[in-house]
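Working notes, beginning with the structure itself.
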Amino acid sequence: MPGRVVFNEERCKGCELCVQFCPRKIIVLLDRRNAKGYRTAGVSEMDKCTGCATCAQMCPDAVIEVYRERAAKESGADSDSPREQGS
Amino acid sequence: MSKVFSRPQALSDVPLSYCPGCTYGIVHRMIAQAMDELDVTGRAVGVAPVGCTVLAYDFFECDFQQAAHGRAPAVATGIKRVQPDSIVFTLQGDGDLAAIGTAEIVHAAARGENITVFFLNNTIYGMTGGQMAPTTLIGQRSTTSPAGRVHKRAGTPIRVSEMLATLDAPAYIERVATDKPANVMRAMRAIRKALQCQVDGRGFSLVEILSACPTNWGMPPLEALSRLGSEVIPYYPLGVYRDRINDASDGPQGPVTGGAAGGC
Amino acid sequence: MMADKVLMKGNEAMAEAAVRAGCRFYAGYPITPQNEVPEYMSMRLFEVEGGHFVQAESEIAAINMLYGAGGCGARVMTSSSSPGISLKQEGISYLAGAEVPAVIANMARGGPGLGGIQPAQSDYYQATKGGGHGDYRLLVLAPESVQELVDLTAVAFDRADYYRNPVMILGDAILGQVMEPVILPEPIALDSLPAKDWATTGTRGERRKHIINSLYLKPHELERHNHRLQAKYRTMEQSEQRYATYRLEDAEIAIAAYGSTARICRRAIDLVRAEGIRAGMLRPISLWPFPVEAFRSEVCGVHRFLVVEMSHGQMVDDVRLALDCNVPVSFYGRSGGMVPSPVEIAEQLRLLAGVGKEQTGGGAGE
Numbered sequence: 359m360p361g362r363v364v365f366n367e368e369r370c371k372g373c374e375l376c377v378q379f380c381p382r383k384i385i386v387l388l389d390r391r392n393a394k395g396y397r398t399a400g401v402s403e404m405d406k407c408t409g410c411a412t413c414a415q416m417c418p419d420a421v422i423e424v425y426r427e428r429a430a431k432e433s434g435a436d437s438d439s440p441r442e443q444g445s
Numbered sequence: 037m038s039k040v041f042s043r044p045q046a047l048s049d050v051p052l053s054y055c056p057g058c059t060y061g062i063v064h065r066m067i068a069q070a071m072d073e074l075d076v077t078g079r080a081v082g083v084a085p086v087g088c089t090v091l092a093y094d095f096f097e098c099d100f101q102q103a104a105h106g107r108a109p110a111v112a113t114g115i116k117r118v119q120p121d122s123i124v125f126t127l128q129g130d131g132d133l134a135a136i137g138t139a140e141i142v143h144a145a146a147r148g149e150n151i152t153v154f155f156l157n158n159t160i161y162g163m164t165g166g167q168m169a170p171t172t173l174i175g176q177r178s179t180t181s182p183a184g185r186v187h188k189r190a191g192t193p194i195r196v197s198e199m200l201a202t203l204d205a206p207a208y209i210e211r212v213a214t215d216k217p218a219n220v221m222r223a224m225r226a227i228r229k230a231l232q233c234q235v236d237g238r239g240f241s242l243v244e245i246l247s248a249c250p251t252n253w254g255m256p257p258l259e260a261l262s263r264l265g266s267e268v269i270p271y272y273p274l275g276v277y278r279d280r281i282n283d284a285s286d287g288p289q290g291p292v293t294g295g296a297a298g299g300c
Numbered sequence: 180m181m182a183d184k185v186l187m188k189g190n191e192a193m194a195e196a197a198v199r200a201g202c203r204f205y206a207g208y209p210i211t212p213q214n215e216v217p218e219y220m221s222m223r224l225f226e227v228e229g230g231h232f233v234q235a236e237s238e239i240a241a242i243n244m245l246y247g248a249g250g251c252g253a254r255v256m257t258s259s260s261s262p263g264i265s266l267k268q269e270g271i272s273y274l275a276g277a278e279v280p281a282v283i284a285n286m287a288r289g290g291p292g293l294g295g296i297q298p299a300q301s302d303y304y305q306a307t308k309g310g311g312h313g314d315y316r317l318l319v320l321a322p323e324s325v326q327e328l329v330d331l332t333a334v335a336f337d338r339a340d341y342y343r344n345p346v347m348i349l350g351d352a353i354l355g356q357v358m359e360p361v362i363l364p365e366p367i368a369l370d371s372l373p374a375k376d377w378a379t380t381g382t383r384g385e386r387r388k389h390i391i392n393s394l395y396l397k398p399h400e401l402e403r404h405n406h407r408l409q410a411k412y413r414t415m416e417q418s419e420q421r422y423a424t425y426r427l428e429d430a431e432i433a434i435a436a437y438g439s440t441a442r443i444c445r446r447a448i449d450l451v452r453a454e455g456i457r458a459g460m461l462r463p464i465s466l467w468p469f470p471v472e473a474f475r476s477e478v479c480g481v482h483r484f485l486v487v488e489m490s491h492g493q494m495v496d497d498v499r500l501a502l503d504c505n506v507p508v509s510f511y512g513r514s515g516g517m518v519p520s521p522v523e524i525a526e527q528l529r530l531l532a533g534v535g536k537e538q539t540g541g542g543a544g545e
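Residue numbers (the numbering used here), protein chains in the order written: chain A, 359 to 445; chain B, 37 to 300; chain C, 180 to 545.
Right, dumping it as C-alpha cells:
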C-alpha cells in the first residue's frame with residue numbers, strides 16, 4: 359500500500375479519534391504511555407496504510423504526519439486534504 | 037514517498053492545551069492550514085477570546101491580541117479599521133459570542149466589518165467547568181441546569197448563524213461540524229472560503245463550527261463526537277446561511293472596509 | 180507663523196486638538212453632555228489620511244475597539260460621561276494591563292446612576308483610585324478652560340505613548356459645553372513620532388509575533404508584570420505632577436479645587452481679598468499623580484484649607500493626605516449638577532476667616 363504515517367507520540371492524548379475514523383482500521387491505542395501519562399495511538403499494520411490522511415485530519419493535536427507514494431494519477435477526491443508539502 | 041500532511045506552518049509547534057478529543061484542536065489546525073494555503077500568516081492578526089481558546093495566541097504564528105470577554109469583534113473592528121491590509125480573525129466560544137458578546141457580534145456583522153469570525157459552538161461553557169450556555173440544548177445537563185435545561189426557566193437555545201443571516205451586511209455565514217471526516221472536510225472548505233472572502237475584501241464572514249466538549253458533556257471523546265452528530269446537528273442544521281461573496285454589487289450589503297477599496 | 184484664535188465649544192476643541200495631536204481612531208457612543216465629540220469626529224477624522232471614526236454599539240464596544248486599534252500602534256481616543264465611563268472600566272483595566280496607549284475623556288455629569296446631565300466632579304475616585312480592577316493607575320489630567328483642555332489633549336496623547344498607558348482627561352459638562360477663544364496647536368507629523376515596536380502590525384514573516392495581552396496565568400509572572408507596571412507609575416508620580424497657584428504666596432486660607440470649580444473659586448478669592456481676607460488657591464491639574472509636592476512646598480503660610488468640589492468630597496481625601504493632616508481641611512460641595520456660585524464660596528471663606536455667619540459645612544439645596 360502506498361501510505362505511511364508517523365506519530366509524534368509525546369503530543370498524543372489518546373483521544374482515539376484516529377482509531378475510530380481510520381478507514382482501514384489499522385490504528386490502535388498502544389500500551390505504552392507518554393510522558394504526560396496518555397496511552398498513545400499507533401499503527402498496527404503499516405503495510406495496509408493508503409496515506410489517505412483521514413487520521414491526521416481528525417487529530418486535534420497535529421500528532422500525525424502522512425506520507426504517500428505518488429501514483430500515476432492522483433485522485434481529485436483529496437482536494438480537501440492539504441496539498442503536498444514536499445518531501 | 038512524499039509528505040502529504042503535516043502540522044501547518046501557521047500552527048505553532050507547541051502542545052495544545054485542549055482536553056483529549058476536544059475538536060477545537062482540529063479547528064486550530066484547519067485555520068492554520070488555510071492561513072498557509074492563502075499565505076496570509078505574515079499579515080494576520082488574531083483575536084483570542086475569554087474561554088477555552090484564551091491561549092490561542094500561543095498556538096498560531098501570527099500577531100495576536102487577547103480580548104475581554106465577548107469583545108473580540110469590537111477589538112477586531114479596531115484592528116481592521118486602522119490596518120485594512122491585516123487579515124483579522126476572531127475565535128470565540130458560546131459564552132463569548134452568544135452571551136456576553138451578543139451586541140458586539142451583531143454590530144460587527146451589521147456594519148459588515150471585513151473580518152472573519154470563527155464561532156466554536158460546543159453547547160456548553162468549557163473553561164469555567166461546564167455551565168449552561170446560550171446554545172445548550174433543552175434537556176441538556178450542565179452545572180447550572182443540573183436537571184437538564186428547562187424552557188420555562190432558561191429559555192431556548194440561540195441559533196447564531198440563522199440570527200445573523202437576518203442582517204443585510206454579512207457576506208458569508210456557514211455552519212459546519214467536526215463530528216466525522218466528511219464534515220471536517222466541509223469545515224475546512226468553509227474556513228478557507230471565509231478567509232478568502234476577507235482577502236478579497238468581500239465583507240463579514242462567520243463560520244459556526246459545531247464542536248464536542250467531552251469533559252463537560254461527561255463522556256469520552258468518541259461518544260461526544262457521536263452526540264455531536266445525533267443530537268447537536270439536528271438542532272443546529274449544517275449549511276450555508278449567507279453567501280453573497282460573488283455578488284457583483286458593493287451595494288447596501290457591501291463591505292464597510294474593503295481590502296483595497298477602503299473608505300467608509 | 181501666527182496661530183489663529185477661534186471660538187470653539189470645549190467638546191469640539193478637544194476633538195480638534197486630538198486630531199492635530201495625531202489621533203487617527205475614535206470610537207464613541209452618544210451620551211450627554213459630550214455628544215459633540217463623536218459628532219465632530221465623525222466628520223473630521225475622515226478628512227485626515229488614515230483617520231477612522233466608528234459610532235460603537237456601546238461604550239463597552241468603543242473601549243474595546245480602542246484596545247484593538249491602539250494595539251496596532253494608532254493614536255486612539257474615546258470619550259463619554261460618567262455612566263459610560265463606568266461601562267468602560269473593564270476595558271480600561273485591560274488597556275493598562277496590556278500596556279496599550281489610549282486617551283479617554285470624561286465630561287462628567289451628576290450621579291450616581293443615570294443622575295443628571297449637568298456638571299459634577301463626582302468621578303474623582305473612579306478616575307484616580309482605579310474604577311476598574313487591579314493594581315493600575317491612569318494619568319488623570321483636569322483642565323479648567325477650553326484652552327487648557329486643548330493643551331492637555333496633546334499632552335495626553337504624548338504621555339499615553341510614552342508610558343504605554345491609558346490617560347484620562349477629566350472634564351465636566353461645563354467644560355464640554357462652554358465656548359471660549361482658543362489657539363489650536365499645529366498638527367503634528369505622524370512620521371515624526373517614535374515607532375512602536377510592540378504593535379500587532381503583522382509579522383510579514385520578518386519578526387517574531389507580537390502579542391497584546393494582559394493574561395499571565397503563572398502567579399510569579401503576573402507579579403513580575405505588576406512590578407513593571409508599578410515602576411512606570413513611580414516614574415509618573417515623580418515626573419507628571421501638574422498644578423497651578425492663584426494668589427497663594429501670602430495666603431492664610433487656601434482653596435484646593437480643580438477644573439471648572441477652580442475658576443469659580445478664583446472669583447470668590449477676589450471677592451474676599453477685597454475685604455482683606457488673605458485667600459489663595461492651589462489648583463491640581465494632574466489628579467493622578469496628585470501634586471503632593473505642591474502641598475508641601477507652596478503652602479507655607481496657610482493655616483487652613485478649604486476644598487471645594489462639585490461632589491460630596493472625593494479630592495478632599497487626597498488633600499488631607501498630602502498635607503499629612505498637619506493643616507485643618509474643611510470641605511464645601513454641591514452635587515446633582517448644582518454649580519456653586521462665587522458668592523457662596525466667598526461666604527465659606529469668610530466663615531473660615533472667622534467673620535462669617537454660622538458654619539453650614541457642605542452645601543445644601545437652597
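Ideal Cβ positions, reconstructed from N, Cα and C, are used throughout, including at glycine.
Minimum Cβ-Cβ distance from residue i to chain C less than 7 Å
i             : result
residue 93/B  : yes
residue 100/B : yes
residue 64/B  : no
residue 104/B : yes
residue 139/B : yes
residue 79/B  : yes
Inter-residue spacing [alpha-carbon to alpha-carbon] between residue i and residue j
i             : j             : result
residue 189/C : residue 449/C : 26 Å
residue 340/C : residue 301/C : 28 Å
residue 463/C : residue 350/C : 13 Å
residue 471/C : residue 395/A : 59 Å
residue 246/B : residue 155/B : 8 Å
residue 78/B  : residue 125/B : 13 Å
residue 199/C : residue 163/B : 44 Å
residue 393/C : residue 102/B : 7 Å
residue 52/B  : residue 201/B : 33 Å
residue 292/C : residue 310/C : 15 Å
residue 526/C : residue 435/C : 16 Å
residue 303/C : residue 467/C : 10 Å
residue 329/C : residue 201/C : 13 Å
residue 269/B : residue 224/B : 17 Å
residue 210/C : residue 257/B : 50 Å
residue 465/C : residue 491/C : 20 Å
residue 479/C : residue 338/C : 31 Å
Chain B within 7 Å of residue i, Cβ atoms only
i             : result
residue 419/A : yes
residue 371/A : yes
residue 423/A : yes
residue 236/C : yes
residue 383/C : yes
residue 273/C : yes
Contact list for residue i against chain B, beta-carbon separation under 7 Å
i             : result
residue 403/A : Near residue 403/A there are no residues of chain B at all, since even the closest Cβ is about 17 Å away, more than 7 Å.
residue 204/C : 114, 117, 118
residue 270/C : 104
Cross-chain neighbours of residue i in chain B, by beta carbon under 9 Å
i             : result
residue 228/C : Within chain B, no residue comes near residue 228/C; the closest Cβ sits about 11 Å away, beyond 9 Å.
residue 239/C : 104, 106, 107, 110, 139, 140
residue 374/A : 56, 57, 256, 257, 258
Residue-level contact to chain A via CB, residue i, 7 Å cutoff
i             : result
residue 37/B  : yes
residue 85/B  : no
residue 197/B : no
residue 170/B : no
CB contact check: residue i to chain E, cutoff 7 Å
i             : result
residue 275/B : Of the protein chains in the structure, A, B and C, none is chain E.
Amino acids of chain A, ordered along the chain, whose beta-carbon sits closer than 7 Å to that of residue i
i            : result
residue 51/B : 369
Within chain C, the residues that residue i reaches when beta carbons sit closer than 8 Å
i            : result
residue 97/B : 382, 388
Q: Compile a chain-ordered list of the residues in the segment 380-398 of chain A whose CB is closer than 9 Å to at least one CB of chain B.
A: 381, 394, 396
Q. At a Cβ cut of 8 Å, what residues of the segment 387-406 of chain C count as close to chain B, listed as they run along the chain?
A. 388, 389, 390, 391, 392, 393, 394
Q) Given a limit of 7 Å on CB to CB distance, which residues of the segment 105-124 of chain B reach chain C? A) 107, 110, 111, 112, 113, 114, 115, 117, 118, 119, 122
**Q.** At least three beta-carbon pairs within less than 8 Å, the segment 246-265 of chain C to the segment 114-124 of chain B
**A.** yes
Q: Check distances from the C-beta atoms of the segment 243-264 of chain C to those of chain B and list, in chain order, the residues that come in under 9 Å.
A: 243, 244, 245, 246, 247, 248, 249, 250, 251, 252, 253, 255
Q: Assess, as a yes-or-no matter, whether the segment 472-481 of chain C is touched by the segment 414-428 of chain C under the definition of 3 or more beta carbon pairs within less than 8 Å.
A: yes
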